[in-house]
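Peer 1: According to our numbering, the sequence shown holds residues 20 to 542 in order.
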Amino acid sequence: MIENILIFIIFLCPLVFFHELGHFIFARLFGVRVEVFSLGFGPKLFRFNRGGTEYAFSLIPLGGYIKMFGDDPLNKEAVPESERQFSFSYKSKWARFWIVFGGPLANMILAFFIFWFLLLSGETLPEIKFGVVNQGSPFYEKGARSGDLLRAVNDITVVSPTDFISTGEIVKSITVEREGKTVNVPLGFDSQMFLELFSKVMPLLRIPVVTNEKGEFFSLTLDPKIPMGTKSLEELQDLVGVKDFHLYKITEGIKDFSNLKTENFSFIKQISIKITDPDSFFQALAKENLFAHDLLVKSVNMDSPADKAGLGAGDIIISLNDHEMFSFDQVRAKIQDLPTQQKIKLTVKRLGTIKSFEILPEITKQDGKEMKIIGVYSTGEFIPMKFVKTPSKGFFEAAWMGLLRTFEATAKTLDGFKKLITKEVSLKNIGGPIAIGKVASDSFKTSLSYFFQIMAFISINLGIINLFPIPVLDGGHIMFIILEIANRGPLSRRKMEIAQQFGLSMLLILTVAAIFNDISKFF
Numbered sequence: 020m021i022e023n024i025l026i027f028i029i030f031l032c033p034l035v036f037f038h039e040l041g042h043f044i045f046a047r048l049f050g051v052r053v054e055v056f057s058l059g060f061g062p063k064l065f066r067f068n069r070g071g072t073e074y075a076f077s078l079i080p081l082g083g084y085i086k087m088f089g090d091d092p093l094n095k096e097a098v099p100e101s102e103r104q105f106s107f108s109y110k111s112k113w114a115r116f117w118i119v120f121g122g123p124l125a126n127m128i129l130a131f132f133i134f135w136f137l138l139l140s141g142e143t144l145p146e147i148k149f150g151v152v153n154q155g156s157p158f159y160e161k162g163a164r165s166g167d168l169l170r171a172v173n174d175i176t177v178v179s180p181t182d183f184i185s186t187g188e189i190v191k192s193i194t195v196e197r198e199g200k201t202v203n204v205p206l207g208f209d210s211q212m213f214l215e216l217f218s219k220v221m222p223l224l225r226i227p228v229v230t231n232e233k234g235e236f237f238s239l240t241l242d243p244k245i246p247m248g249t250k251s252l253e254e255l256q257d258l259v260g261v262k263d264f265h266l267y268k269i270t271e272g273i274k275d276f277s278n279l280k281t282e283n284f285s286f287i288k289q290i291s292i293k294i295t296d297p298d299s300f301f302q303a304l305a306k307e308n309l310f311a312h313d314l315l316v317k318s319v320n321m322d323s324p325a326d327k328a329g330l331g332a333g334d335i336i337i338s339l340n341d342h343e344m345f346s347f348d349q350v351r352a353k354i355q356d357l358p359t360q361q362k363i364k365l366t367v368k369r370l371g372t373i374k375s376f377e378i379l380p381e382i383t384k385q386d387g388k389e390m391k392i393i394g395v396y397s398t399g400e401f402i403p404m405k406f407v408k409t410p411s412k413g414f415f416e417a418a419w420m421g422l423l424r425t426f427e428a429t430a431k432t433l434d435g436f437k438k439l440i441t442k443e444v445s446l447k448n449i450g451g452p453i454a455i456g457k458v459a460s461d462s463f464k465t466s467l468s469y470f471f472q473i474m475a476f477i478s479i480n481l482g483i484i485n486l487f488p489i490p491v492l493d494g495g496h497i498m499f500i501i502l503e504i505a506n507r508g509p510l511s512r513r514k515m516e517i518a519q520q521f522g523l524s525m526l527l528i529l530t531v532a533a534i535f536n537d538i539s540k541f542f
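1) First and last residue of the beta strand (DSSP E) that includes Asp209?
2) Whose C-alpha, out of Leu168, Asn506, Phe499, Ile477, is nearest the C-alpha of Ile128?
3) Any idea if Tyr267 is buried or exposed, counting beta-carbon neighbours within 10 angstroms, 16 or more meaning buried?
4) To the nearest whole angstrom, what separates the beta carbons of Leu239 and Phe264, a pair I think is in contact under 8 Å?
5) Consult DSSP for Ile549 and reduce its assignment to one of helix, strand or coil.
6) Taking only three categories from DSSP, how would you classify Met321?
7) Comparing C-alpha positions only, which one of Thr143, Val204, Leu139 sits nearest to Asn167?
8) Going by C-alpha to C-alpha distance, which of Pro403, Gly70, Gln302 sits closest to Val51?
9) Beta strand (DSSP E) containing His265: first to last residue?
10) Which partner residues does Ala171 have in the DSSP bridge list?
11) Are the CB atoms of Ala459 and Ile21 nearer to each other than 8 Å?
12) For Glu307, which option in Gln256, Ile292, Thr176, Val152 has the closest C-alpha, if you only look at C-alpha atoms?
13) Any idea which residues DSSP pairs Ser397 with across the strands?
14) Going by CA-CA distance only, name the one from Glu198, His38, Asp322, Ala303 that's closest to Ser229.
15) Do the stretch 115-134 and the stretch 207-217 touch if we need at least three Cβ pairs shorter than 8 Å?
16) Can you tell me which of Asp298, Ile29, Leu144 puts its alpha carbon nearest to the alpha carbon of Gln349?
17) Please determine, among Phe406, Ile85, Ile118, Pro157, the residue with the shortest C-alpha to C-alpha distance to Gly207.
18) If I measure Cβ to Cβ from Asn480 and keep anything under 8 Å in the same chain, skipping five residues before and after, which residues do I get?
19) Anyone know if the C-beta pair for Val319 and Asp326 falls short of 8 Å?
20) For Tyr396, does the count of other Cβ atoms within 10 angstroms reach 16, so buried, or fall short, so exposed?
21) Quick check on the DSSP output: what are the complete alpha helix (DSSP H) runs of length 4 or more inside the stretch 40-98, in order along the chain?
22) Ordered along the chain, which non-local residues of its own chain (more than five positions away) have a Cβ less than 7 Å from that of Gly456?
23) For Lys112, which of helix, strand or coil comes out of DSSP?
24) Can you look up Met404 in the DSSP assignment and give me helix, strand or coil?
25) In whole angstroms, what is the alpha-carbon distance linking Glu39 and Asn506?
26) For Ser466, which residues of its own chain have a beta-carbon under 6 Å away from its beta-carbon, when the five flanking residues on both sides are left out?
27) Nearest to Val152 by alpha carbon, out of Val220, Asp434, Phe415, Pro488?
28) So, does the stretch 54-63 touch the stretch 100-112, judging by three or more C-beta pairs under 8 Å?
29) Kindly indicate which residue of His312, Ile189, Val367 has the alpha-carbon position closest to the one of Gly329.
30) How big is the Cα-Cα spacing for Glu73 and Thr249?
31) Just to confirm, are Ala475 and Phe134 a CB contact at a threshold of 8 Å?
32) Is the beta carbon of Leu339 closer than 8 Å to that of Lys362?
33) Roughly how far, in whole angstroms, is the beta-carbon of Ile382 from the beta-carbon of Pro324, given that I think they are within contact range, below 8 Å?
34) Could you please give the first and the last residue of the uninterrupted alpha helix (DSSP H) stretch that includes Glu254?
35) What number of angstroms, rounded off, separates the C-alpha of Leu252 from the C-alpha of Arg225?
36) Using only alpha-carbon positions, find the residue among Gly482, Arg47, Ile504 that is nearest to Phe37.
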């Protein structure tokens, strides 16, 4: 928790600092006295004075502010005449516009420099890889397969998920790498559908390990010289034709398969399997008394439905309601699809005998959704994420591409807000500080390149949100300036008070909605 909080502060502080710095620089350029420059709100943890400005770091790191001399339009007359040249309220409309707009502008500039630096130095990013592409899914029907490496969308090379933004409205085709060969997959999906489908194809591919009823583990490999193959079970099941697999027994007692050495394997035999579809691969293994390792029950929660029914650690799940099961994820999904309050028939293999159990799943809430659980944990392990280093784009090309990324990310953000307003996207998608903190933490633990990419996108979001025409936000101040021009003079005190009350109410509603969504998702 402390680590995640520190990551969140490291993530947020540059965004807040540059936003307030934008206001500060333009205020100084136009001769406005800045009394306070604070990172954070609330009690000041430390402060110092320089050049007539108090610089402070405050307790609550969820924003920041600058306090300009004479910035209250409702108390404009209280500013002494001799000091009005330093007052924000007495500056011209042009000067006030740039001072207010300086914050969002600084966020856009920060995003550009982050993109530029990443492209110039080269990014370390996870491979863009398809996870489990189930038979019958839209991607499978079009020709994509589990483990495919995404290389291009509409013939545009992609190295990062952010590159998807520039693919256009229709994703006509994608180029993938499969078994060292390039394959073109025609799609015809609109970009939103493509992104939604791709985000659901989780890159969790099972290591090529199987188990038997004794709880022994074996690796499956196509290359006899490499005991632990590089292809996942999902990639093996998608092969077509007769394939020769080499079966190696893994030394007993080993629980972590990520760092095995040659001495941890002993050759058992060669198995020839004719694969016509994904199911045929696992059915052939079952005839050899071998099952996907994740179907082995690792543990059962005490007093859970599975525990009460008699299921135990070491059982191998072979069917659910008389339908063969070939992965633990398949078992989980099948349970979710069944009607509420319907018992399931779970058949397992236990020490050479077949046993069946009737289990009534328990209903619980996860991320605001009802989930059916039986209280079983799998022994499943997955192939670790592989990272690639992209080459430097060069000084000028990186600058140009950074500018394009900034414009594209801005367009994507604006489109997202438009969909919120038109109700194409639910307000439940709004995230607050907890959601931002989780994204920051997850990206930091993935790679620094991802961390800074997300920082750039949030910086753009922050800049755009501040331009909303809501009083108390920067966009509200710009709106007042525009109304002053239309009104050919300052607005009345009453109108400004009403506008500010309305703005505070709108901001409060959005804040409450974001925090409520955070609490619903994470607690």
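Note that CB positions come from ideal geometry on N, CA and C, so glycine has one too.
Peer 2: The structure says:
1) 200-209
2) Ile477
3) buried
4) 5 Å
5) Outside the displayed range of the chain (20 to 542) lies residue 549, so it cannot be described from this structure.
6) Correct three-state label for Met321: coil.
7) Reading off the sequence, residue 167 comes out as Asp, not Asn. Of the candidates Thr143, Val204, Leu139, the residue whose Cα lies closest to the Cα of Asp167 is Val204.
8) Gly70
9) 260-269
10) Thr176, Thr194
11) Against a cut-off of 8 Å, the Cβ pair of Ile21 and Ala459 comes out as no contact.
12) Ile292
13) Val316
14) Sequence inspection shows Val at residue 229; the Ser mentioned does not correspond to that position. Comparing Cα positions, the closest option is Ala303.
15) Contact between the stretch 115-134 and the stretch 207-217 is absent: fewer than three C-beta pairs spanning the two stretches fall below 8 Å.
16) Asp298
17) The candidate whose alpha carbon is nearest that of Gly207 is Pro157.
18) Thr432
19) yes
20) exposed
21) none
22) Asn23, Phe27
23) helix
24) coil
25) 29 Å
26) Correct list, in chain order: Thr143.
27) Taking only the C-alpha atoms, the option nearest Val152 is Val220.
28) no
29) Val367
30) 59 Å
31) yes
32) no
33) Between Pro324 and Ile382 the Cβ distance is about 10 Å, and since that is not below 8 Å, they are no contact.
34) 252-256
35) CA-to-CA, the gap between Leu252 and Arg225 works out to about 6 Å.
36) Gly482
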